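K.L.:
Protein sequences appear in the order of chains A and B.
Note that my numbering has the first sequence beginning at 1, numbered continuously upward.
Note that my numbering has the second sequence beginning at 165, numbered continuously upward.
Using N, Cα and C, we set each Cβ at its ideal position, and we do this for glycine too.
Predicted, not measured: the structure shown is a model, and the values here were computed from it.
Encoded as structure tokens, here's the structure I'll be asking about.
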Amino acid sequence: MSQKLILGVGDYGVVSEPGGVVKTLALGSCIAICMLDRKTRCVGMAHVALPDSKISPERAKENPGHFADTAVPALLAEMKKQAGSVSKGAGLIVKLAGGANVADTNNTFNIGKRNALAIRKVLWQYGLGAVAEDVGGNFSRSVAIFKDTGKVVLSSPGRVDWEI
Amino acid sequence: MDDIVNKIIRDVKMIPPMSRTASELLNLTLVESHTVDDVVRVVASDPMLAGQLLKIANSATYARRTAVDSIATAVSYLGDKLVVGIALGASCACIYESELKGYESSEGDLWLHSLRTAIASKEFAKFTSKKVDPNVAYTAGLLHDIGKAILSAYLAEKLDEVREVFASSAPSDFLEVEKRLVGVDHCEIGAILAKHWNLPETIKSVVRYHHHPHEAPTEFKPLCFTIHLADTVAMMAGNGTGVDTLHYSLDLSYDQYIEIDRNELDRMLLMLGLEFGKTASALDETKTK
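Here you go:
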């Protein structure tokens with residue numbers, strides 16, 4: 001049977017077998033970081049809920065996928081573990097989806113936007129950048145990344161599925 | 165359109181009353197001075213509920229070393245808020261467990277959304293400048309969306325039109341979509357159901373104004389804003405009720421009633437996620453299948 005991972009909040013996972021898929025359901029302000037390694041053809045995803053692990057280092061240790069700053073290194077390490085190596089720079093395709101945003105002039109409840117900014121910053125620190133983003137807006141998204149095709153497919157209630 | 169609205173109102177009146185236990189527990193926990201003993205007394209009068217509470221308190225999720233064998237221990241272990249939640253969930257299963265076809269939402273989604281909103285409400289209550297009782301906030305959070313269960317069937321008949329709305333542009337206030345297609349929104353219908361169930365004014369007000377809390381009567385504004393924020397974060401956390409999820413605006417005057425900064429909010433959301441996860445899993449594990 002092919003690998004099928006369904007990630008909960010703060011989870012991350014990688015699939016390397018043919019037919020594998022990583023999915024996460026109903027992202028609101030959370031963001032799915034999707035990665036595809038061009039060389040090893042491994043695909044992975046992290047379901048990030050909050051921007052900064054400083055609010056709870058204990059939680060970050062237990063569940064690094066929860067925060068932007070700990071999710072990126074954790075996912076990269078898992079890609080390397082599963083495939084023996086992980087590509088750098090343009091060899092690693094990164095896509096972001098989710099981060100539905102609530103407009104708040106107080107800059108407090110706009111968690112989607114804060115998550116997106118934090119993830120972009122951390123990716124940049126690792127010499128990475130997203131080639132595609134479907135981030136923001138006021139709707140929830142489910143996301144899947146397929147090992148065989150490398151496609152990232154999104155769905156949302158009331159909409160036709162789409163790809164980024 | 166008026167005919168439909170009248171039909172919906174007639175439908176509401178056909179909804180069975182809340183069980184005596186649920187209603188007594190609800191009213192009891194709205195009184196700040198209530199004690200655990202008061203709650204235990206009401207629970208003890210309902211063997212079905214008592215059994216369910218014992219089962220949940222002893223569930224693997226809570227992984228206690230010693231078995232919970234008395235109603236009093238179960239109540240104090242689970243906490244009176246969750247006890248009310250369990251009683252309401254059981255008594256109003258026709259509301260909470262319905263499929264919400266008109267919102268393209270699955271069975272049980274409304275319950276999970278209500279539970280997450282309830283837990284968030286009690287947390288936001290701690291940040292209110294004019295004190296809001298966390299118990300009241302929790303109960304109000306559980307009940308805020310009851311109108312959706314009724315409106316859903318009517319919205320389901322207009323599903324093609326709902327999809328057309330989304331195809332042109334994502335609505336910023338789904339209440340307007342409900343009003344345009346059915347003639348009435350889930351807040352108005354919920355308030356009628358709240359009246360039918362003889363719920364107190366505080367709760368009725370939350371049901372009616374949780375999307376536009378500035379329109380609530382002054383005395384209920386702090387509570388309505390509390391539930392407004394809780395509802396918003398429940399949707400942001402991925403516990404919405406389908407097609408309407410996140411298609412509402414944040415009422416920016418919340419900062420007059422709730423003082424919370426970015427770090428406090430992030431910390432609260434983290435704790436909320438853990439508490440919700442645990443509660444939802446304990447309830448799911450002990451569900452009578």
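Alpha carbon to alpha carbon, how far is V135(A) from A71(A)? Give it in angstroms, no decimals.
P.N.:
17 Å
K.L.:
Using only the alpha-carbon positions, how far apart do A254(B) and A224(B) sit?
P.N.:
21 Å
K.L.:
Have a look at G404(B) and H277(B) and give me their C-alpha separation to the nearest angstrom.
P.N.:
In a straight line, the C-alpha of G404(B) is about 6 Å away from that of H277(B).
K.L.:
With DSSP run on the structure shown, which of helix, strand or coil describes Y421(B)?
P.N.:
coil
K.L.:
By Cβ distance below 7 Å, which residues in the same chain neighbour H360(B) in space, the five residues on each side in sequence not counted?
P.N.:
V176, K177 and I179
K.L.:
Would you tell me roughly how many angstroms separate the C-alpha atoms of L133(B) and D167(B), rounded to the nearest one?
P.N.:
In the structure as shown, chain B begins at 165 and stops at 453. Residue 133(B) is therefore absent and cannot be evaluated.
K.L.:
Counting contacts by CB-CB distance shorter than 8 Å, is L339(B) in contact with chain A?
P.N.:
no
K.L.:
Taking all protein chains shown into account, do 16 or more other C-beta atoms lie within 10 angstroms of the C-beta of N362(B), making it buried, or fewer, making it exposed?
P.N.:
In summary, N362(B) is exposed, with fewer than 16 beta-carbon neighbours lying within 10 Å of its beta-carbon over all protein chains present.
K.L.:
With DSSP run on the structure shown, which of helix, strand or coil describes K453(B)?
P.N.:
The predicted model places K453(B) with a pLDDT of 45, which falls under 50 and marks its position as unreliable; any figure quoted below should be read in that light. In this structure, K453(B) counts as coil in the three-state DSSP scheme.
K.L.:
If the cut is a Cβ gap below 9 Å, which residues of chain B does C30(A) touch?
P.N.:
M400, A401 and G402
K.L.:
Going by CA-CA distance only, name the one from I220(B), N170(B) and I235(B) that's closest to D202(B).
P.N.:
I235(B)
K.L.:
Is W275(B) helix, strand or coil when you go by DSSP?
P.N.:
helix
K.L.:
Which residue wins for smallest C-alpha separation from L307(B), given the options E340(B), S333(B), C256(B) and E321(B)?
P.N.:
C256(B)
K.L.:
Among residues of its own chain, excluding the 5 on either side of N101(A), which ones have a beta-carbon nearer than 6 Å to its beta-carbon?
P.N.:
Hits under 6 Å: N110, G112, K113 and G136.
K.L.:
Per DSSP, which residues does A444(B) bridge with? Please list them.
P.N.:
Looking at the DSSP assignment, A444(B) forms no beta bridge with any residue, so it has no partner.
K.L.:
Let me confirm a value: E287(B) is counted as buried when at least 16 other C-beta atoms fall within 10 Å, else exposed. Which label applies?
P.N.:
With at least 16 other beta carbons inside 10 angstroms of its own, E287(B) counts as buried.
K.L.:
For the alpha helix (DSSP H) containing T396(B), name the first residue and the last one.
P.N.:
K385 to M400
K.L.:
Between V247(B) and chain A, is the shortest Cβ-Cβ distance under 8 Å, so that the two count as touching?
P.N.:
no
K.L.:
Per DSSP, what kind of secondary structure is V169(B) in: helix, strand or coil?
P.N.:
helix
K.L.:
Do H47(A) and L7(A) come within 8 Å of each other at the CB atom, strictly closer than that value?
P.N.:
With contacts defined by Cβ atoms closer than 8 Å, L7(A) and H47(A) form a contacting pair.
K.L.:
Chain B partners of D11(A), CB-CB under 7 Å?
P.N.:
Under the 7 Å cutoff, chain B gives no residues; its nearest Cβ is about 12 Å from D11(A).
K.L.:
Rounded to a whole number of angstroms, what is the C-alpha to C-alpha distance between R41(A) and G127(A)?
P.N.:
19 Å
K.L.:
Give me, in chain order, the residues of the same chain whose beta-carbon lies closer than 8 Å to that of D104(A); leave out the 5 immediate sequence neighbours on both sides.
P.N.:
N110
K.L.:
Just checking: is the beta-carbon of L27(A) within a distance shorter than 8 Å of some beta-carbon in chain B?
P.N.:
yes
K.L.:
Fully enclosed by the region 210 to 239 of chain B, which alpha helix (DSSP H) runs are 4 residues long or longer?
P.N.:
211 to 221
K.L.:
Using a Cβ cut-off of 8 Å (strictly closer), state whether L115(A) contacts chain B.
P.N.:
A small fix is needed here, since residue 115(A) is Asn in this sequence, not Leu. It does not; no Cβ of chain B falls within 8 Å.
K.L.:
Where does the unbroken alpha helix (DSSP H) through E342(B) begin, and where does it stop?
P.N.:
Boundaries of the alpha helix (DSSP H) harbouring E342(B): F338 to V346, taken from the DSSP string.
K.L.:
Would you say D104(A) lies against chain B (beta-carbon separation less than 8 Å)?
P.N.:
yes
K.L.:
Rounded to the nearest angstrom, how far is the Cβ of L92(A) from that of M35(A), given a contact under 8 Å?
P.N.:
6 Å
K.L.:
Which residues mark the beginning and the end of the alpha helix (DSSP H) in which R59(A) is found?
P.N.:
R59(A) -> alpha helix (DSSP H) spans P57 to E62.
K.L.:
Give the list of continuous beta strand (DSSP E) stretches no shorter than 3 residues that lie fully inside the region 102 to 156 of chain A.
P.N.:
130 to 135, 141 to 146 and 152 to 155
K.L.:
Using a Cβ-Cβ cut-off of less than 8 Å, give me the residues of the region 78 to 108 of chain A that come near chain B, in sequence order.
P.N.:
Under the 8 Å Cβ criterion, the region 78 to 108 of chain A contributes A100, V102, A103, D104, T105, N106, N107 and T108.
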